[in-house]
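Okay, so here's the structure we're looking at.
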Amino acid sequence: MVSAGRGFDPYSRRVLIHRLHGQQVLVYQEVVVVVVVVVVVVVVVVVVEVVVVVVVVVVVVVVVVVVVLVVVVVVVVVVVVVVVLVVVVDN
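Under this note's numbering, the first residue of the sequence shown is numbered 0, with each subsequent residue one higher.
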């Protein structure tokens with residue numbers, strides 16, 4: 000049964016959407032389900048891609064920070080060793 004020009008008719012399996020240019024637009028229930036499924040899949044794929052990009056960016060930033068810290072520590076250790084060697088050799 001279709002009420003007030005809109006709704007679902009369980010006998011014909013059609014959804015009455017609305018009037019378009021004075022014509023009633025009928026869409027089969029399967030088409031509506033397919034459209035909804037496609038929209039949900041697209042949204043899920045976009046969300047997953049955004050999450051993957053964010054995770055990759057975070058991992059890259061962490062790796063860069065760790066590499067910079069390691070380089071700084073190595074430079075400091077080398078400078079300290081050189082200074083100690085210079086002081087020991089001078090004595």
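The C-beta atom is built at its ideal place from N, Cα and C for all residues, glycine as well.
Grouping DSSP H, G and I as helix and E and B as strand, with all else coil, what is V1? Caution applies to V1, whose pLDDT of 46 falls short of 50 and renders its modelled position unreliable; the value that the coordinates give is listed next. Note: V1 maps to coil in three-state DSSP.
Using the C-alpha atoms, what's the distance from V80 back to V64? Going from the Cα of V64 to the Cα of V80 covers about 24 Å.
Distance check for D89 and V83, CA to CA, integer angstroms please. Looking at the backbone, the Cα of V83 and that of D89 are separated by about 10 Å.
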